[in-house]
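J.:
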Amino acid sequence: MDKSALIEMIRKSKVLDDDMRKVLLDAVSQFTPEKIDKIVAILQRAENKYEGIMIDLENKKRAINQAYLEKVDNFFRKVVPVVVRNAEGKDKVSEEADIDKLLSELDNI
Amino acid sequence: MIFGENRNLFLEKGPASSDVVEAGRVEAGNLPGDLGEKVNKAQARVDASVNSLPIGAAGREALAEQRPDSPYDEIERAEADSAREVADLRGSLSSDLREEGVGVDPRIEAEHVRLSDEMRTLARRNAWKGVEAKWDEMSGLAGVDVTYNDCMLAAQSARALGYPGETLSRLKMADSIQPGQQEVADWIADIEGKYGMVLLAADSKIKGVIELQCLKPPFAPDQRLAIETAQTAIREGRSFRGMLPQGEYVFGDNAFSIEPGGVMKVVELLTDKLKQVKAGLVQAYDEMRGLFKRGQETGEKGFFRGIDAKYKESLHLFKNLTKGGVPFADNDKYHAIGAKAAKELDDTNGYEERLALVDNKFEVRDLLA
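Taken in order, these protein sequences are the chains called Z and W. Per the working numbering, the first sequence runs over residues 4 to 112. Per the working numbering, the second sequence runs over residues -2 to 366.
#1: Could you tell me the alpha carbon to alpha carbon distance between D283(W) and K330(W), rounded to whole angstroms?
#2: How about Q63(W): is its C-beta nearer than 7 Å to some C-beta of chain Z?
#3: For the stretch 88 to 100 of chain W, list every residue whose C-beta sits within 7 Å of some C-beta in chain Z, in sequence order.
#4: Nearest-angstrom Cα distance between G409(W) and E360(W)?
#5: Is L9(Z) close to chain W? Criterion is C-beta to C-beta, closer than 7 Å.
#6: Relative to the alpha-carbon of Y308(W), which residue among G88(W), G277(W), E82(W), V83(W) has its alpha-carbon at the smallest distance?
#7: DSSP on L266(W), reduced to helix/strand/coil?
#8: When the Cα of V87(Z) is compared with those of S89(W), R57(W), D85(W), which residue comes out closest?
#9: The alpha helix (DSSP H) with F237(W) in it runs from where to where?
#10: In chain W, which residues lie with their C-beta within 8 Å of the C-beta of V20(Z)?
#11: Determine the burial state of T35(Z): buried for a count of at least 16 other Cβ atoms within 10 Å of its Cβ, exposed for fewer.
#12: Cβ of G21(W) less than 7 Å from any chain Z Cβ?
#13: Could you tell me whether the stretch 241 to 251 of chain W touches the stretch 291 to 307 of chain W, using the rule of 3 or more Cβ pairs below 8 Å?
#14: Counting C-beta neighbours from all protein chains within 10 Å, is the total for E129(W) 16 or more, i.e. buried, or is it exposed?
#15: To the nearest angstrom, how far is it from the Cα of G33(W) to the Cα of N68(Z)?
#16: Buried or exposed: G11(W), going by 16 or more other Cβ atoms within 10 Å of its Cβ?
#17: Given this structure, state the Cα-to-Cα distance separating E189(W) from A326(W), to the nearest angstrom.
#18: Tell me, please, whether the CB atom of I112(Z) is closer than 7 Å to any CB atom in chain W?
#19: If you draw a straight line from the C-alpha of S91(W) to the C-alpha of M23(Z), how long is it?
#20: Whose CA, out of G162(W), F253(W), E180(W), L288(W), lies closest to the CA of K240(W)?
#21: Mapping DSSP to helix, strand and coil, what is V369(W)?
#22: Among I10(Z), I13(Z), L72(Z), F78(Z), which has the Cα closest to the Cα of V36(W)?
#23: By a C-beta neighbour count over all protein chains shown, 10 Å radius and 16 as the cutoff for buried, is T229(W) buried or exposed?
#24: Taking the alpha-carbon of A61(W) as reference, which of V82(Z), A49(Z), A30(Z), D59(Z) has the nearest alpha-carbon?
#25: Are the CB atoms of K262(W) and L318(W) within a distance shorter than 7 Å?
#26: Going along the chain, which unbroken runs of the alpha helix (DSSP H) with 4 or more residues stay wholly within the stretch 301 to 358 of chain W?
#27: By how many angstroms is the C-alpha of E61(Z) removed from the C-alpha of R22(W)?
#28: Between A49(Z) and chain W, is any beta-carbon pair separated by less than 7 Å?
#29: Can the beta-carbon of V43(W) be found closer than 7 Å to that of V75(Z)?
#30: Taking Cβ-Cβ distances below 8 Å as the criterion, which residues of the stretch 21 to 34 of chain Z are in contact with chain W?
#31: Excluding the 5 residues preceding and the 5 following A49(Z) in the sequence, name in chain order all residues of the same chain whose CB lies nearer than 6 Å to its CB.
#32: For M261(W), does the three-state DSSP call read helix, strand or coil?
#33: What does G33(W) reach in chain Z if we use C-beta pairs closer than 9 Å?
#34: Taking buried to mean at least 16 other C-beta atoms within 10 Å of its own C-beta, is G88(W) buried or exposed?
#35: Assuming T118(W) and I203(W) are in contact, meaning their beta carbons sit under 8 Å apart, how far apart are those beta carbons, in whole angstroms?
#36: So for V195(W), helix, strand or coil by DSSP?
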């Protein structure tokens, strides 16, 4: 790899922070071809590790979100209907009690 | 009233309740947009169901208790873990770049320039101990690339003080910085043609005075000085590691000869206990070398994990040996291979700790590369 390709690599690098990028760009002009090869190897290795970390993070986030959606799905399939049914049941009991009371009042008229 | 307010509401909103359930169910499973949007919408739908369904206070409480926890806390923890990993990676990258001479702190470089100037001044006055002290300081500066002239001054200093092994090492360093210098090549050839590497050590448990004798002392002053330096080291610390001129010697009761070049001659006076310790350490080191070779050939992490385990297992043997006053002949390679394994396994602390135990990093630079 030549110096211009290394400069391009440094500019596009995701693993380098701004300070490290500046230090490297300032130093590139003095690199020998052997040094360029070494720096490229070091950067490439770090870049690959960085990509690995980012892929792991995306996978973790996807798994967390997916698990949440499944819980929400389960919530609407199983939890909400039960709560609604319970509420309906209580309402019916209450309605029947009201009717009994009304009939009893009517009987007493 | 026959029908309570809730009932009226429920009768009026009945179909809407099942809509809410159905819509929530469908949306959770198949929300439009990317996963993040789906999660946002699902969360909003859960909020809506808890707050708007006509299920009374008890029902609302039951739903609130059973609603799924927000995923955002868990996502934040995952992001924080990744941020830490990236910070470690950048630290390790920074350290790798410094080893290649990139990113040296300007203050450290200024200190390097100052020490170089002082070495030159002291050398002009033949104050070689002073030169040696400045070279030691310079070698301790992190990330500094020593120059050809630094190495040549340090080589002269080592020769003047009777350290031919150090002289050779510094000349080789100068040669690697500025290859093809005849002066350096001649000097290296001269040392390699007259001296041989040796490790002499006596277990601290062995009683009596242990001395080194040269049976036919050479005439050349620098060779005589090299022998005197070794004798002083043995008197003071019972061990010497370096180079001696070609010749016949006696160490304690052991006679041995030094031939130029070749492998290191090891003459040790050990108790049985320390012999066992050393045998265990040598075996572990041999296994580490085998794993290292295979790790380098294949690049498989498993070999470096094996080295790491062997290094950790054998470190107490190394400590026992050196505590007994006996240096390990393969000290630098042993720690360098251990350091390289730590580096391959992203164990930055382990790498630094093991590297600190390497006496001559230049000699093991290929292992560490």
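From the three backbone atoms N, C-alpha and C, an ideal C-beta is built for every residue, glycine too.
T.: With the structure as the only source:
#1: Inter-residue distance for D283(W) and K330(W) is about 11 Å (C-alpha atoms, whole angstroms).
#2: For Q63(W), the nearest beta carbon of chain Z is closer than 7 Å to its own beta carbon.
#3: Of all residues in the stretch 88 to 100 of chain W, L90, S91, D93, L94, E97, V99, G100 have a Cβ within less than 7 Å of some Cβ in chain Z.
#4: A question about residue 409(W) goes unanswered here, because the residues of chain W that appear run from -2 up to 366.
#5: Not closer than 7 Å to any Cβ of chain W, the Cβ of L9(Z) fails to qualify, so no.
#6: Answer by Cα proximity: G277(W).
#7: Of the three classes helix, strand and coil, the one that applies to L266(W) here is strand, per DSSP.
#8: Its Cα nearest to that of V87(Z), the residue R57(W) stands out among S89(W), R57(W), D85(W).
#9: No alpha helix (DSSP H) holds F237(W); the beta strand (DSSP E) holding it covers 236 to 242.
#10: Contrary to the premise, residue 20(Z) reads as Asp rather than Val in this sequence. Neighbours of D20(Z) on chain W, chain order: R87.
#11: By the 16-neighbour rule on beta-carbons within 10 angstroms, T35(Z) is exposed.
#12: Confidence is the limiting factor: at G21(W) the pLDDT is only 49, short of 50, which leaves the residue's position unreliable and the question unanswerable from this model.
#13: Counting Cβ pairs under 8 Å, fewer than three are found: no touch.
#14: Within a 10 Å sphere around the beta-carbon of E129(W) sit 16 or more other beta-carbons, which makes this residue buried.
#15: Those two C-alpha atoms are separated by around 7 Å.
#16: With a pLDDT of 35 at G11(W), under the threshold of 50, the modelled position of this residue cannot be trusted; read the value that follows with caution. Here G11(W) is exposed. Its C-beta has fewer than 16 other C-beta atoms within 10 Å.
#17: Note on geometry: alpha-carbon atoms of E189(W) and A326(W) lie some 19 Å from one another.
#18: With a pLDDT of 46 at I112(Z), under the threshold of 50, the modelled position of that residue is not reliable, and the figure given next carries that caveat. At a cut-off of 7 Å, the C-beta of I112(Z) has no neighbouring C-beta in chain W.
#19: One C-alpha to the other measures close to 8 Å.
#20: According to the sequence provided, residue 240(W) is Met. The question's Lys does not apply to it. With distances taken between Cα atoms, M240(W) lies closest to G162(W).
#21: No information on residue 369(W) is available, as it lies outside the stretch -2 to 366 that chain W covers here.
#22: When C-alpha distances from V36(W) are compared across I10(Z), I13(Z), L72(Z), F78(Z), the shortest belongs to L72(Z).
#23: Flag for T229(W) reads exposed.
#24: Comparing alpha-carbon positions, the option among V82(Z), A49(Z), A30(Z), D59(Z) lying closest to A61(W) turns out to be V82(Z).
#25: Against a cut-off of 7 Å, the Cβ pair of K262(W) and L318(W) comes out as no contact.
#26: Segments of the alpha helix (DSSP H) lying fully in the stretch 301 to 358 of chain W: 328 to 341, 345 to 353.
#27: Because R22(W) carries a pLDDT of 46, less than 50, the predicted location of this residue cannot be relied on, and no value is offered for it.
#28: So, interface residue.
#29: A contact, by the Cβ cut-off of 7 Å.
#30: Against chain W - using a Cβ distance shorter than 8 Å - the residues of the stretch 21 to 34 of chain Z are M23, V26, L27, A30.
#31: When the five nearest sequence neighbours on each side are left out, the beta carbons in the same chain lying within less than 6 Å of the beta carbon of A49(Z) are those of V18, in order along the chain.
#32: Three-state DSSP puts M261(W) in coil, outside helix and strand.
#33: The contacting residues are K64, N68.
#34: It is exposed - the Cβ of G88(W) has fewer than 16 other Cβ atoms within 10 Å.
#35: About 45 Å separates the beta carbons of T118(W) and I203(W), which is beyond the 8 Å limit, so they are not a contact pair.
#36: The three-state reading of DSSP puts V195(W) in strand, counting E and B together.
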